[in-house]
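Notes for the one structure printed next.
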Amino acid sequence: MMNPIIRKAILVSTLFCIASLMHGQEKQSPKSDITTPATTKPFKVLTNGKQITIQSKQNLRSLMVWTASGHRFVEEKALTTNSYSFTVPAKETIFYIMLETAEGKRFTERMGLK
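For the sequence shown, the numbering used here gives the first residue as 2, with consecutive numbering after it.
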């Protein structure tokens, strides 16, 4: 049999190890503090059949539109207007639009046509 002093020493050291490993985690901040507020888009996408018009509050610097399968059919890099219209040449219904404003902010949007 073990000596009672050794048994108490093992018990105390075991409890100390368990207590040191079971310390609580840091309190996490709520999600509202972590997330950034959503910015409003400075543009509108208007559709009329296969005709798409992009109207912006600011001047556009560049515009790129491609299909869901990866075919790029609009790429304008030197725009200075706040409105741009184009006709969709493909039969696909899902498109991705990336535009850059004169301030240098880039926005992407996924859109679909019926």
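From the three backbone atoms N, C-alpha and C, an ideal C-beta is built for every residue, glycine too.
Alpha carbons only, please: which of the options is nearest the one belonging to residue i?
| i | options | result |
| --- | --- | --- |
| threonine 41 | Val66, Ile53, Leu22 and Ser57 | Ser57 |
| glutamate 76 | Gln59, Leu100, Ser70 and Ile95 | Leu100 |
| leucine 47 | Lys106, Arg107, His72 and Ile98 | Ile98 |
| lysine 92 | Thr109, Trp67 and Thr102 | Trp67 |
| proline 90 | Val13, Lys51 and Ser14 | Lys51 |
| arginine 73 | Met112, Leu80, Phe96 and Thr81 | Phe96 |
Under DSSP, the alpha helix (DSSP H) around residue i begins and ends at which residues?
| i | result |
| --- | --- |
| lysine 115 | No alpha helix (DSSP H) holds lysine 115; DSSP gives it neither H nor E. |
| threonine 15 | 5–22 |
By a C-beta neighbour count over all protein chains shown, 10 Å radius and 16 as the cutoff for buried, is residue i buried or exposed?
| i | result |
| --- | --- |
| phenylalanine 17 | exposed |
| threonine 102 | buried |
| isoleucine 138 | Coverage of the chain is limited to positions 2 through 115, which leaves residue 138 absent and any answer about it impossible. |
| leucine 22 | exposed |
| leucine 80 | buried |
CB-CB under 8 Å to residue i, same chain, minus the five flanking residues each way: which ones, in chain order?
| i | result |
| --- | --- |
| lysine 115 | Thr94 |
| isoleucine 55 | Phe44, Lys45, Val46, Leu47, Leu61, Leu64, Ser84, Tyr85, Ser86, Ile98 and Leu100 |
Ordered along the chain, which non-local residues of its own chain (more than five positions away) have a Cβ less than 7 Å from that of residue i?
| i | result |
| --- | --- |
| glutamine 59 | Pro43, Asn83, Thr102, Ala103 and Glu104 |
Inset, instruction - Jot down the residue ranges of each uninterrupted beta strand (DSSP E) in the segment 42–112, minimum 3 residues, whole runs only, in chain order. - result: Entirely contained in the segment 42–112, the beta strand (DSSP E) runs reaching 3 residues are, in chain order, 44–49, 52–57, 61–68, 73–77, 84–88 and 95–102.
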